[in-house]
Amino acid sequence: MERQKQILLQIDSLSSGGAAAQSTSGDQSGAAASMTPTADAGTANAGAPVKSGDANTDYNAAIALVQDKSRQDDAMVAFQNFIKNYPDSTYLPNAQLLAGSVKLQQG
1 MERQKQILLQ IDSLSSGGAA AQSTSGDQSG AAASMTPTAD AGTANAGAPV
51 KSGDANTDYN AAIALVQDKS RQDDAMVAFQ NFIKNYPDST YLPNAQLLAG
101 SVKLQQG
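Under full-length UniProt numbering, think of the first position of the sequence shown as 1, with each following residue one higher.
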């Protein structure tokens, strides 16, 4: 149940530009904060998504691309690569869900 809350908070945060994650309370804000992307992935300002070899870094890089509305195509590629490259990752359900969300937003 907690995992579902984290996923929903993350989707909410992405669709509202981060305001939802900041307005949550208690343990939920900690969960949302733990899923906040980091800039060390090296793809936020680069051309195409790059595979780092680390599931956490690649997932965070894909999240960073989703947050940049002009990089939705790159985000989709990053999530597809993540799903293909890390089939045993605990982030796999989130990546699949977010890839679907990006696809819906693209139309």
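Glycine residues also receive a C-beta, built at the ideal position from the N, C-alpha and C atoms.
The model shown is predicted, which means the values in this text are computed figures rather than measured ones.
The beta carbons of Phe82 and Ala64 sit no closer together than 8 Å. Between the alpha carbons of Ala55 and Ser89 lies a distance of about 7 Å.
Ser52 and Asp68 have their alpha carbons spaced roughly 20 Å apart.
Inter-residue distance for Met76 and Val102 is about 6 Å (C-alpha atoms, whole angstroms). Rounded to the nearest whole angstrom, the CA to CA distance from Gly107 to Gln72 is 11 Å. From the listed residues Leu9, Glu2, Gln105, the smallest Cα separation to Ser70 is found for Gln105. Leaving aside the five residues that flank Leu92 on each side, the residues in its chain whose CB is nearer than 7 Å to its CB run, in chain order, Ile83, Tyr86. Sequence-distant partners of Gln80 (beyond 5 residues in either direction) whose C-beta falls short of 8 Å from its own C-beta, in its chain, are Ala99.
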